[in-house]
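Residue numbers (the numbering used here): 246 to 640.
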């Protein structure tokens, strides 16, 4: 994603939240949209896939407090693509320019960022824009590595307990043939146009200078006189690798995990990008999940529900627990087994919510039938639906 896109896109509109939305509101909106437009739920729907990418990109920015602050500051400064100086500002209050001119139509010299990445941050771009911190020395600039997106499918138990999974990823990395120099002899020269900075000045006004990626070296700061055959002089080549990634305990379906520094390596001493893993969780035949709690439905007999008793309940990955049913337990009542749920971020566990389901036998014969007939005669004067009809009349 280019810096121009970063500033011009309205991520709040993408997620359908106001600009003062809380982190919880942003997270809730992202989860809702991610479930609706996830590729697994929209097989072969290119528009849904593109919408899902847009939603993920917006969540990456707004879900990260630091990136969100940079984004808000950039949007405040540049508005809808034009610089807006304050009252009495530079250029007599009429100064205006287009972001397409400022960033060269969004072009970035080699090693562009993946979804959610924008180099070293918008602060780096503004540092060059307003000519801050310049030392006047000749040096090639480090470049942050590319962010990488990947997906993994876990079993229900793996999601609750955590798992280490292998992920095969493809990304742009330093070309092995030329050791990332772009020159087949390994001896590129410093670009004479930008003197190794990767940027060139494009006039000045209002007390600050504007910069563009150098057109001769494409922002690399180096020029290969003998371009490498493998990477065509870019210094980058597509590479695949398998990484063992630890997925923390307690992750949920459609959760997006950020692993800092696990993306593509940077150039010239720049930091590595990040790895973003979208997690999918398979359903379990017995257990369900409600936030940090697990759920299970347990059948009980009529006599257990009516007279009370002790019921053994299975747990996920542990020994059964015994719950005491009070006499007169109704069908659908939910009880709680504490500490038998999913892991929380602080290492504690939620609870197991046990819902009682009274089991009615299909065939009743012999002594059991005689006993039920006797029970029916003994309770013939009771009408469990009396209150229902009374309430219906009064409504």
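For every residue, glycine included, the Cβ atom is placed at its ideal position computed from N, Cα and C. Keep in mind that this is a model prediction, so the values were computed, not measured.
Checking 7 angstroms against the spacing of the C-beta atoms, do residue 472 and residue 464 come in under that value? Taking 7 angstroms as the Cβ cut-off, residue 472 and residue 464 do not qualify as a contacting pair.
Can you tell me where the alpha helix (DSSP H) holding residue 395 begins and where it ends? It is not in any alpha helix (DSSP H) - residue 395 instead sits in the beta strand (DSSP E) that spans 393-399.
Integer Cβ distance of residue 439 from residue 462, believed to fall under 8 angstroms: 6 angstroms
Identify whether residue 589 lies in helix, strand or coil by the three-state DSSP scheme. coil
To which residues does DSSP link residue 612 through a beta bridge? Its beta-bridge partners do not exist; DSSP assigns none.
How about residue 594: is its Cβ closer than 6 angstroms to a heavy atom in the ligand ADP? As for the ligand ADP, it is missing from this structure, which has no ligand bound.
Is it buried or exposed for residue 364, if we count other Cβ within 10 angstroms and need 16 for buried? With a pLDDT of only 41 at residue 364, under the threshold of 50, the placement of this residue in the model should not be trusted; the figure read from the coordinates follows. So residue 364 ends up on the buried side.
Environment of residue 628 [buried if 16+ CB atoms lie within 10 Å]: exposed
Tell me the rounded alpha-carbon separation between residue 443 and residue 460. Residue 443 and residue 460 have their C-alpha atoms some 9 angstroms from each other.
Proximity to residue 534 [Cα-Cα], best of 600, 297 and 501: 600
Less than 8 angstroms between C-beta atoms, sequence neighbours within five positions excluded: which residues of the same chain meet that for residue 547? Only 603, 604 and 605 meet the Cβ criterion.
Enumerate, from N- to C-terminal direction, the unbroken beta strand (DSSP E) stretches of 3 or more residues contained entirely within the segment 466-548. Annotation: the segment 466-548 contains the following complete segments of the beta strand (DSSP E) (minimum length 3 residues), in chain order: 481-492, 501-504, 520-526, 533-535 and 538-545.
Measuring alpha carbon to alpha carbon, tell me which residue in 256, 550, 478 and 303 is nearest residue 428. Scanning 256, 550, 478 and 303 for the CA closest to the CA of residue 428 turns up 478.
Among 267, 500, 507 and 489, nearest to residue 229 - alpha-carbon criterion: Since the first and last residues shown for the chain are 246 and 640, residue 229 lies out of range.
Less than 7 angstroms between the beta carbons of residue 589 and residue 537, yes or no? Pairing residue 589 with residue 537 gives a Cβ-Cβ distance under 7 angstroms.
Give me the Cα-Cα distance between residue 576 and residue 544, rounded to the nearest whole angstrom. 9 angstroms
For residue 433, which residues from the same chain have a beta carbon less than 7 angstroms from its beta carbon, with the 5 sequence-adjacent residues on both sides left out? Closer than 7 angstroms at the Cβ level, and outside the excluded window around residue 433, lie 426, 427, 467, 468 and 469.
Per DSSP, which one or two residues make a beta bridge with residue 458? 444.
Closer than 8 angstroms is the cut-off here; do at least three beta carbon pairs connect the segment 500-520 with the segment 281-297? A contact is defined here as three or more CB-CB pairs under 8 angstroms, and the segment 500-520 fails this definition with respect to the segment 281-297.
Rank 288, 531 and 301 by C-alpha distance to the C-alpha of residue 641 and give the top, closest one. No statement about residue 641 is possible, as the shown extent of the chain runs from 246 to 640 and does not include it.
Pull up the CB-CB distance for residue 637 and residue 496, whole angstroms please, since I reckon it's below 8 angstroms. Wrong, their Cβ atoms sit about 47 angstroms apart, outside the cutoff.
Pick helix, strand or coil for residue 345, following the three-state DSSP scheme. Caution is warranted here: a pLDDT of 41 is assigned to residue 345, below 50, making its placement in the model unreliable, and no coordinate value can be reported.
Identify, in the order they occur along the chain, each residue of the same chain with its Cβ nearer than 7 angstroms to the Cβ of residue 436, setting aside the five sequence neighbours on each side. 459, 461, 462, 466, 467 and 468
Tell me the DSSP secondary structure of residue 258 in three-state form. Of the three classes helix, strand and coil, the one that applies to residue 258 here is helix, per DSSP.
Residue 432 - DSSP class collapsed to helix/strand/coil: coil
Cα separation between residue 311 and residue 557? 49 angstroms
Going by DSSP in three states, residue 602 sits in which element: helix, strand or coil? If DSSP states are grouped into helix, strand and coil, residue 602 belongs with the strands.
Do residue 566 and residue 582 count as a contact pair if the criterion is CB distance below 7 angstroms? yes
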